[in-house]
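Peer 1: Take this structure, written in structure tokens, and hold onto it; I'll ask about it next.
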Ligand SMILES: NC(=O)C1=CN([C@@H]2O[C@H](COP(=O)(O)OP(=O)(O)OC[C@H]3O[C@@H](n4cnc5c(N)ncnc54)[C@H](OP(=O)(O)O)[C@@H]3O)[C@@H](O)[C@H]2O)C=CC1
Ligand SMILES: O=C(O)C1=N[C@H](C(=O)O)C[C@H](O)C1
């Protein structure tokens with residue numbers, strides 16, 4: 413399988429290029445970075461994107477128009493962006509696009525476990541901690557986790573999380589995503605870490621995941637590269653590809 417990588421010189425792109433080169437049955441035919449022509453990737457069957465929230469939509473439009481399957485790890489997505497991608501895919505129904513905020517198995521399990529735990533706790537908050545070079549906040553993983561928890565809480569009939577705050581320095585309670593407070597830390601020495609804290613009378617539960625090395629993402633990225641052509645349309649997350657959902 414011929415694979416190209418957009419964002420090839422970046423932290424994740426470089427790791428992905430290494431992983432693809434070493435993977436059985438995969439050839440890295442192009443590594444495209446800022447300023448390089450996308451046409452270098454025109455013979456690829458699958459394109460992996462680890463670029464920037466400002467760049468990824470243009471890259472995806474190009475992939476879909478050129479009939480290329482895409483595996484996207486770049487973050488910064490929202491409903492409007494997903495709707496736009498689905499609209500582009502209407503003209504190319506055979507093309508597969510997999511977008512995952514996190515490819516590491518620990519992060520995926522942490523999101524699944526958070527979804528299961530959500531119904532049992534009146535309180536929940538998310539703390540995401542990353543290296544200081546990250547462009548977006550909150551992280552894509554924290555945003556996705558918050559949406560999953562909010563959905564589970566709604567299904568369970570839970571109301572708003574308890575919070576008596578009346579006086580607040582702006583930002584002190586973090587960002588709010590569907591009613592879930594999300595706090596972001598940017599810290600030298602860190603890679604990617606997340607704590608989901610649940611609380612109810614007399615107890616708390618903390619689900620913590622730590623990524624220490626970008627190698628953690630590669631099994632998930634390679635699975636998505638292998639599977640994307642068998643999943644036409646837009647797939648969000650790799651849970652279904654891993655038989656987890
Ligand atoms: N889904 C997941 O599991 C993970 C997702 N991520 C996400 O991946 C993205 C990249 O992260 P990271 O590798 O740390 O970031 P980096 O800044 O290290 O890498 C991004 C690379 O993309 C390049 N780039 C920017 N625009 C374009 C473009 N239009 N075409 C081609 N290349 C471009 C950048 O070049 P330049 O610097 O010159 O602009 C840079 O080399 C982020 O959104 C991050 O949140 C990160 C880790 C895991
Ligand atoms: O920028 C990063 O490093 C990461 N980005 C992703 C995100 O925004 O969730 C995945 C992981 O947290 C690392």
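Residue numbers (our numbering): 413 to 657.
From the three backbone atoms N, C-alpha and C, an ideal C-beta is built for every residue, glycine too.
1. How big is the Cα-Cα spacing for residue 609 and residue 574?
2. Which residue's Cα is closest to the Cα of residue 464: 452, 458, 541 and 446?
3. So what does residue 598 bridge to, in DSSP terms?
4. What did DSSP end up calling residue 428 once you bin it into helix, strand or coil?
5. Please list the terminal residues of the continuous beta strand (DSSP E) segment that includes residue 620.
6. Would you list the one or two residues that DSSP bridges to residue 551?
7. So, are the CB atoms of residue 550 and residue 597 less than 8 Å apart?
8. Report the three-state DSSP secondary structure of residue 445 (helix, strand or coil).
9. Please classify residue 653 as buried or exposed, where buried requires at least 16 other C-beta atoms within 10 Å of its C-beta.
10. With a cut-off of 8 Å on the beta carbons, I'd call residue 590 and residue 559 a contact; round off their distance for me.
11. Using DSSP with H/G/I as helix, E/B as strand and the rest coil, what is residue 506?
12. My output table needs one value for residue 455: the three-state DSSP class, helix, strand or coil.
13. Give a single yes or no on whether residue 549 has its beta carbon closer than 7 Å to a heavy atom of ligand 1.
14. Would you kindly report the start and end of the unbroken alpha helix (DSSP H) that includes residue 608?
15. Is any heavy atom in ligand 1 found nearer than 7 Å to the beta carbon of residue 624?
Peer 2: Answer, in terms of the structure:
1. As a working note, residue 609 is residue 197 in the chain shown. As a working note, residue 574 is residue 162 in the chain shown. Their Cα atoms are separated by approximately 14 Å.
2. Position 52 of the chain shown holds residue 464. Looking at the Cα atoms, 446 is the closest of the given residues.
3. Here residue 598 refers to the residue found at position 186 of the chain shown. BP columns for residue 598 point to 542.
4. As a working mapping, residue 428 is identified with position 16 in the chain shown. Secondary structure of residue 428 (DSSP, three-state): helix.
5. Residue numbering aside, residue 620 sits at position 208 when the chain shown is read from its first letter. 615 to 623 is the span of the beta strand (DSSP E), which, as asked, contains residue 620.
6. Numbered from its first residue, the chain shown carries residue 551 at position 139. According to DSSP, which records beta bridges pairwise, residue 551 is partnered with nothing at all.
7. One-based indexing of the chain shown puts residue 550 at position 138. One-based indexing of the chain shown puts residue 597 at position 185. Taking 8 Å as the Cβ cut-off, residue 550 and residue 597 do not qualify as a contacting pair.
8. By one-based count along the chain shown, residue 445 stands at place 33. It is coil, neither helix nor strand.
9. Residue numbering aside, residue 653 sits at position 241 when the chain shown is read from its first letter. By the neighbour-count rule (16 or more Cβ atoms within 10 Å), residue 653 is buried.
10. The residue labelled residue 590 in the question sits at position 178 within the chain shown. The residue labelled residue 559 in the question sits at position 147 within the chain shown. Taking 8 Å as the upper bound for CB-CB distance, residue 590 and residue 559 are in contact here, some 6 Å apart.
11. Against the chain shown, residue 506 aligns to sequence position 94. The answer is coil: DSSP assigns residue 506 none of H, G, I, E or B.
12. Here residue 455 refers to the residue found at position 43 of the chain shown. Coil at residue 455, not helix or strand.
13. Position 137 of the chain shown, counted from the first residue, corresponds to residue 549. Placement of the Cβ of residue 549 at a distance of 7 Å or more from every heavy atom of ligand 1 is found.
14. As a working mapping, residue 608 is identified with position 196 in the chain shown. Not the alpha helix (DSSP H): residue 608 falls in the beta strand (DSSP E), residues 604 to 612.
15. For this step, residue 624 is matched to residue 212 along the chain shown. Taking 7 Å as the cut-off, one finds no heavy atom of ligand 1 near enough to the beta carbon of residue 624.
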